[in-house]
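Comments concern the structure below.
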Amino acid sequence: MDNEIHKGLAGGRWNNYSKEIQILNIAAELSRTKNWLLKGDAKEAGNCLVRALELTDLTINDRKWRGPCLKELLRWRGVLAEFYINQNKDVSHFLRLLRILLYFNKFTSQVEV
């Protein structure tokens, strides 16, 4: 993604955030996605997913994620991208994706979905 929505963060500001804050920002977009999915608004849900994917790309490019966790984050991003392009938006599958993201960090894993 070209980081068209989060241009200010793409300039390096995103890298100043802790892993916890990065995860929680992505989770906030996914929470908005969940709300739009439950309302049946696929267009708005898609917009939120694009923002979540963009934030995920910024996270992947942050050096603090180098190591084993990066591999898992890349896998997770791939599954989220598949969900984005899939026509059938299964909310229960989506909630599992949100929970998995939160489990990337011991502090964010305590957040309830």
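With the working numbering applied, the sequence shown corresponds to residues 354 to 466, in that order.
All C-beta atoms, glycine included, are put in the ideal place defined by N, C-alpha and C.
Within the region 378 to 409, no run of beta strand (DSSP E) at least 3 residues long lies entirely inside it. Note on Glu382: 16 or more other CB atoms within 10 angstroms of its CB, so buried under the neighbour-count rule. Contact between Arg385 and Thr409 is ruled out by a C-beta separation of about 15 Å, above the 8 Å threshold.
Contact between Leu433 and Leu406 is confirmed by a C-beta separation of about 6 Å, below the 8 Å threshold. For Val444, the enclosing alpha helix (DSSP H) has its first and last residue at Val444 to Leu455.
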